[in-house]
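**Q** Here it is, the structure in full.
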Amino acid sequence: ASPCSPRPNATRFVCTEPTLSTFPKGLPTTTVAISVEFTALATLLPTALAGLPRLRELHLSSNLLSALPEPLLSPVPTLRILDLTGNLLSDLPAGIFTSAHQLQHLALSGNQLQALKPTWFRHLLQLQRLDLAANELAEVPAEVFRPLRALRSLDLSHNRLATLAPGALAGLRALEQLDLEGNRLGTLLPSTFAPVPALRLLFLQDNKLQALPAGIFLPLPHLRVLDLARNQLQALELPPRSSGPPLDLDISGNPWDCECQLLEVLRQAAPQLVAARDTLCARPPRHRGREVAELSRAGDVAC
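Put into C-alpha cells, the structure is as follows:
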C-alpha cells in the first residue's frame, strides 16, 4: 500500500512520509487543505488537483519539485495559500497563476528562481504576502509587481540583488513590510521607496550600502522599523519624525563618521537605537570606538 492513504469525506490531508514519490490520488472532493511536505515528491501531473473544487490551501514545501505543469492550478480557483518553499524550482510556467484569482499568500522561498516573469503576477490582485527569499534573483524588473495592489508583505531577502531598477516597486501602494536583507545592494536610487508610502517595516541589513541618497526615506511617513545593520555606511538618512512611537533603528556594524551631521540627524529624529553597543564611531579619530548613542546624547563641543 502507498503511504498516506486519503480518508473519505475528510477536509484536510497531511502527508510527511519521506518515501512518498507520487502525489496522492483519490482525495475526497471535500478537501480544503493539503499538506504534502518533506517527501520525495519530484513531479506533479497537470491533473493532480482535479476534482478538488473547495481547495483553499496547498502546502508542498521541502519536496524535490524542479518543475510545475502550467495547468496545475486551473481546477482550484478557490486557492488562497500556496507554499512551495524549499524545492528545486529554477523557473515557473508563464501562465501558472492565471486562474489563481483568489490567492492571498504565495511562498516560493528557498528555490533556485533566476528571474521574475511579469506574467506570474498579472492575475494575483488579491495577493497579500509574497515570499521570494533565498532564490537566485539578480534583478527586479521595473513594473513587475504593479498588479499586486493588495500586497502587504514582500520578502526578497538573501538573493543576488546588486541594485533596484527604477520602478522596481511600482504599484505596491499597500505594502507594509519589505525585506531586502542579505543581498548585494551597493546603491539605491533616491526614488526607490516613492511607490510604497504605506511601508512600516524596512529591512536592509547585511548589504553593501556605502551611502544613502538625500531624502531617500522621505516618502515613508509611517515607517516604524528600519534595519541598516552591517552595511558600509558612514552617514545617515532617516524618515521624517512622526507623532507616533519612535522609530526602531538598527545601524550597528557600520563605520560611522561621528561628525556634527550624524549627531544632528539622530538628535532631531530621536530614534530608538537597537544594538547600541555595536553602533560605534569609526571617525573622526577623537571619537573612534565610542558608542554613537552615547555621543549623540552627550553632544560634541565642536558642533
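When we follow my numbering, the leftmost residue of the sequence shown carries the number 713, and every step to the right adds one.
The beta carbon of each residue, even a glycine, is placed where N, CA and C say it ideally should be.
#1: Tell me, please, whether the segment 921–932 touches the segment 884–891 by the rule of three or more beta-carbon pairs shorter than 8 Å.
#2: What does TRP968 pair with, by DSSP beta-bridge criteria?
#3: Considering only the beta carbon of each residue, do ALA854 and ASN871 sit closer than 9 Å?
#4: Could you spell out where the beta strand (DSSP E) holding VAL852 opens and where it closes?
#5: Thinking C-beta only, is LEU890 closer than 9 Å to LEU881?
#6: Smallest Cα separation from LEU938: which of PHE905, ARG896, CYS970, ARG768?
#7: Quick check on DSSP: helix, strand or coil for VAL986?
#8: Can you tell me where the alpha helix (DSSP H) with LEU1007 in it begins and where it stops?
#9: Identify, in the order they occur along the chain, each residue of the same chain with its Cβ nearer than 7 Å to the Cβ of SER786, setting aside the five sequence neighbours on each side.
#10: So for PHE725, helix, strand or coil by DSSP?
#11: Who are the near neighbours of ALA713 in its chain, counting only those whose CB is closer than 7 Å to its CB and skipping five residues on each side?
#12: Name the one or two DSSP bridge partners that SER747 has.
#13: Pop quiz: VAL856 and LEU836 are said to be a contact at Cβ under 8 Å. What is the actual Cβ separation, rounded to whole angstroms?
#14: How far does the alpha helix (DSSP H) with PHE905 in it extend, from its first residue to its last?
#15: Using the rule of at least 16 other Cβ atoms within 10 Å of the residue's Cβ for burial, across every protein chain shown, is VAL908 buried or exposed?
**A** So, from the listed chains and residues:
#1: No, because fewer than three Cβ pairs between the segment 921–932 and the segment 884–891 fall closer than 8 Å, the two stretches do not touch.
#2: Start at 1 with the first residue of the sequence shown, and residue 968 comes out as number 256. Answer is CYS993.
#3: What you label residue 854 is simply residue 142 of the sequence shown in a count that begins at 1. What you label residue 871 is simply residue 159 of the sequence shown in a count that begins at 1. No.
#4: If you number the sequence shown from 1, residue 852 lands on position 140. Note, VAL852: premise wrong, no beta strand (DSSP E); not H, not E.
#5: Within the sequence shown, numbered from 1, the residue matching residue 881 stands at position 169. Within the sequence shown, numbered from 1, the residue matching residue 890 stands at position 178. Contact flag set, yes.
#6: In the sequence shown, residue 938 corresponds to position 226, counting from 1. When each option's Cα is compared against that of LEU938, the closest is PHE905.
#7: Here residue 986 refers to the residue found at position 274 when the sequence shown is read from its first residue. Here VAL986 sits in strand by DSSP.
#8: What you label residue 1007 is simply residue 295 of the sequence shown in a count that begins at 1. From DSSP, the alpha helix (DSSP H) with LEU1007 extends over 1004–1010.
#9: As a first step, residue 786 must be located in the sequence shown, where it is residue number 74. Within the same chain, Cβ atoms closer than 7 Å to the Cβ of SER786 are found at SER811, the five residues on either side in sequence being excluded.
#10: Counted from its first residue, the sequence shown places residue 725 at position 13. Looking at PHE725 - three-state DSSP - the assignment turns out to be strand.
#11: Locating residue 713 in the sequence shown gives position 1, where the first residue counts as 1. Annotation note: pLDDT 48 at ALA713 (below 50); position unreliable, coordinate value reported separately. The answer is none, since no qualifying residue turns up.
#12: If you number the sequence shown from 1, residue 747 lands on position 35. SER747 pairs with VAL726, HIS771.
#13: What you label residue 856 is simply residue 144 of the sequence shown in a count that begins at 1. What you label residue 836 is simply residue 124 of the sequence shown in a count that begins at 1. Not confirmed; about 12 Å, so no contact.
#14: Locating residue 905 in the sequence shown gives position 193, where the first residue counts as 1. Where PHE905 is concerned, there is no enclosing alpha helix (DSSP H), given that its DSSP letter is neither H nor E.
#15: The count along the sequence shown starts at 1 and reaches residue 908 at position 196. VAL908 is buried by the Cβ-count criterion.
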